[in-house]
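The number in this note's numbering is simply the position in the sequence shown, starting from 1, with 9 added.
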Amino acid sequence: MSSTSETKKTVGENNGQDKGSFGKDELFLDTTLRPTTWDEYVGQKGVKDNLKVLLRAASERKHPPEHILFYGPPGLGKTTLAHLIARETSSQIKVTSGPSIEKVGDLASILTNLAPGDMLFIDEIHRLNKAIEEVLYPAMESGSLDIIIGKGPSARTIQLELPPFTLLAATTRIALLSAPLRSRFSGGTFKLEFYTNDEIQQIIHRSAKMLGIDIDKASAHKIAQRSRYTPRTANFLLKRVRDLAQVEKVPLSPEIVEKTLVMLGIDELGLNQADRDLLKTLINKFAGGPVGLNTLAASLAEEEATVEEVHEPYLLQLGLIERTPRGRKATDKAFTHLNIKNIGLGL
């Protein structure tokens, strides 16, 4: 058959792979799509350059890298960087999270089971309780673990020597970390920034290649525009577009992308229904603001933390809302985007 008579594959033709034959990598796609080398990791150039120097210097000294803290909004690649550092240094990485370490004994068990040169990654480290933080200080600073056994006059302290290790930590709320804990990340504290549309498109093309689907520039561009400058969101949208193309048995195209986004309720700025509800509440109920966070959250029947951590960062990034001393305020751009006339009340 000539090449001109070949039809383009529809999404879902998995090169003859039988149903039920997928391995663990196919089931956990978020892990599969993670970059495994510095070249594959798109964006965050300043952070990568600093890390490369830090890791190379530590390697030349034959010493584990110093402790490193990453912070920034969810989905920007903090966990990916931790795994990449471990891979680049050929180190074993143990993964846990702040909420999982409930007692001092939990932390002691994790630390005493580390081998020399291992890396411990604690996600959402700001959720560690203060008692556990206090135990972590000497572990990070001098490689020792102080454990108090017993209570009252009979209590005694046992000091355990720990093998050399590197603590990698990530947080979305660095302000909640105590100053003593932040200061002990001697390797550096790195902020991850939102990505550009060009960087997001590179990530989409790489993910599409790994998923075994064809995507053109127009489709990748359309997904990137709605991805909130965040790789995790871009990969989520790509997978949902793939799903619709597979179900409808058609090639992935800009039309399928648009249809998927409409079904998901995502508009041209990447706002979902909850984002638009926040803006409409701010404009319709409070004449554009300013209004306090607690009042706004109550009006939306949402928790304050959800408004502040989930919705606000992107709306602020787009310039749709402002934070003022008197509260949250909708900008002219928000009125224009929702096609609501700004009559100037409360502004």
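Cβ coordinates follow ideal geometry from the N, Cα and C atoms, glycine included.
Pull up the CB-CB distance for residue i and residue j, whole angstroms please, since I reckon it's below 8 Å.
| i | j | result |
| --- | --- | --- |
| residue 197 | residue 173 | Actually they do not touch by this definition, with Cβ atoms about 18 Å apart. |
| residue 326 | residue 201 | Not confirmed; about 14 Å, so no contact. |
| residue 231 | residue 263 | 6 Å |
| residue 177 | residue 77 | 5 Å |
| residue 329 | residue 342 | 6 Å |
| residue 156 | residue 169 | 7 Å |
| residue 219 | residue 85 | About 19 Å separates the two Cβ atoms, so there is no contact after all. |
Mapping DSSP to helix, strand and coil, what is residue i?
| i | result |
| --- | --- |
| residue 199 | strand |
| residue 28 | Because residue 28 carries a pLDDT of 42, less than 50, the predicted location of this residue cannot be relied on, and no value is offered for it. |
| residue 105 | strand |
| residue 338 | strand |
| residue 344 | helix |
| residue 174 | coil |
| residue 245 | helix |
| residue 254 | helix |
| residue 33 | Legend: pLDDT at residue 33 = 41, less than 50; position of this residue unreliable, no value from coordinates given. |
| residue 213 | helix |
| residue 53 | coil |
| residue 191 | helix |
| residue 285 | helix |
| residue 349 | coil |
| residue 222 | coil |
| residue 110 | coil |
| residue 185 | helix |
| residue 169 | strand |
| residue 239 | coil |
| residue 180 | strand |
| residue 162 | helix |
Give the single residue among the options whose Cα lies nearest to the Cα of residue i.
| i | options | result |
| --- | --- | --- |
| residue 253 | 212, 268 and 135 | 268 |
| residue 283 | 149, 310, 302 and 183 | 310 |
| residue 336 | 298, 350 and 320 | 298 |
| residue 130 | 99, 95, 350 and 66 | 95 |
| residue 123 | 102, 111 and 150 | 102 |
| residue 125 | 112, 239, 41 and 98 | 98 |
| residue 110 | 132, 213, 189 and 156 | 132 |
| residue 149 | 156, 266 and 194 | 194 |
| residue 227 | 266, 331 and 301 | 266 |
| residue 113 | 207, 140 and 87 | 140 |
| residue 187 | 142, 206, 108 and 306 | 142 |
| residue 2 | 205, 211 and 219 | The structure shown has nothing for residue 2, since the chain only spans 10 to 356. |
| residue 59 | 199, 45 and 192 | 199 |
| residue 322 | 203, 175 and 134 | 203 |
| residue 45 | 272, 216 and 271 | 216 |
**OP:** Could you name each continuous beta strand (DSSP E) segment of 3 residues or more that falls completely within the segment 56-104, going from the start of the chain to the end?
**Re:** 77-80
Original post:
Could you give the uninterrupted runs of the alpha helix (DSSP H) lying entirely in the segment 114-158, keeping only those of 4 residues or more?
Top reply: 139-151
Original post:
Okay, do the segment 113-120 and the segment 81-91 touch, 3+ Cβ pairs below 8 Å being the bar?
Top reply: no
Original post:
Between the segment 270-289 and the segment 224-240, are three or more C-beta pairs nearer than 8 Å?
Top reply: yes
Original post:
What are the uninterrupted segments assigned as alpha helix (DSSP H) that are 4 or more residues long and contained completely in the segment 287-338, given in chain order?
Top reply: 302-309 and 321-327
Original post:
Would the segment 179-187 and the segment 71-87 be scored as touching if the rule is three or more Cβ pairs under 8 Å?
Top reply: yes
**OP:** State whether the segment 302-316 contacts the segment 284-294, with contact taken as three or more CB pairs (one from each stretch) at a distance under 8 Å.
**Re:** yes
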